[in-house]
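Per the UniProt record's numbering, the sequence shown starts with residue 1, numbered consecutively.
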Amino acid sequence: MSEKIRKTPEEWKDQLTPDQYEICINHGTEPPFSGKYNNTKLEGKFKCTCCGEELFSSDAKFDSGSGWPSFWEPLSEDKIEYISDTSYGMVRTEVNCNKCGAHLGHVFDDGPKPTNQRYCINSISLQHEKDEESQ
Numbered sequence: 001m002s003e004k005i006r007k008t009p010e011e012w013k014d015q016l017t018p019d020q021y022e023i024c025i026n027h028g029t030e031p032p033f034s035g036k037y038n039n040t041k042l043e044g045k046f047k048c049t050c051c052g053e054e055l056f057s058s059d060a061k062f063d064s065g066s067g068w069p070s071f072w073e074p075l076s077e078d079k080i081e082y083i084s085d086t087s088y089g090m091v092r093t094e095v096n097c098n099k100c101g102a103h104l105g106h107v108f109d110d111g112p113k114p115t116n117q118r119y120c121i122n123s124i125s126l127q128h129e130k131d132e133e134s135q
């Protein structure tokens, strides 16, 4: 894994839109069914909006009906940072980009086989880029 990216809040504000900053840096959540990647069938990789790290593949994307893009696994476990989240009276596992710390969403144990995982990710946290083979 490459070296982690560290930026001040001011540096992130200069780089990101206000909505990206709210979700990725302040750990916000976009409204359900509002994100551009919720219903997408685009093939390729989904990268971190903040640092460009490849995080998820369209091969692992599925329609969970939750209102957010959902994946049953990341490209690699070392791409994701897992943090216990007890906000709002719930116990959840927050997922962040391991390279820059950007908030992506949460992972739940109600996904499809083979992992039974549902990575419920904010569209704003992702940037789609087609695989080189399909360009």
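Idealized CB from N, CA, C, for every residue including glycine.
query                                                                                   : result
Among A60, A102 and R92, the one whose alpha carbon lies nearest that of L75            : A60
Inter-residue spacing [alpha-carbon to alpha-carbon] between I124 and D14               : 16 Å
Integer Cβ distance of H128 from L42, believed to fall under 8 Å                        : 5 Å
Same chain, Cβ closer than 8 Å to E132, neighbours up to 5 away in sequence not counted : In this prediction, E132 has a pLDDT of 46, which is less than 50 and means its spatial position is unreliable; nothing more can be read from the coordinates.
Buried or exposed (CB count within 10 angstroms, at least 16 for buried), G101          : buried
Cβ pair W68, I121 closer than 8 Å                                                       : yes
Residues that DSSP places opposite H103 in a beta bridge                                : N96
Three-state class that DSSP yields for K7 in the structure shown                        : coil
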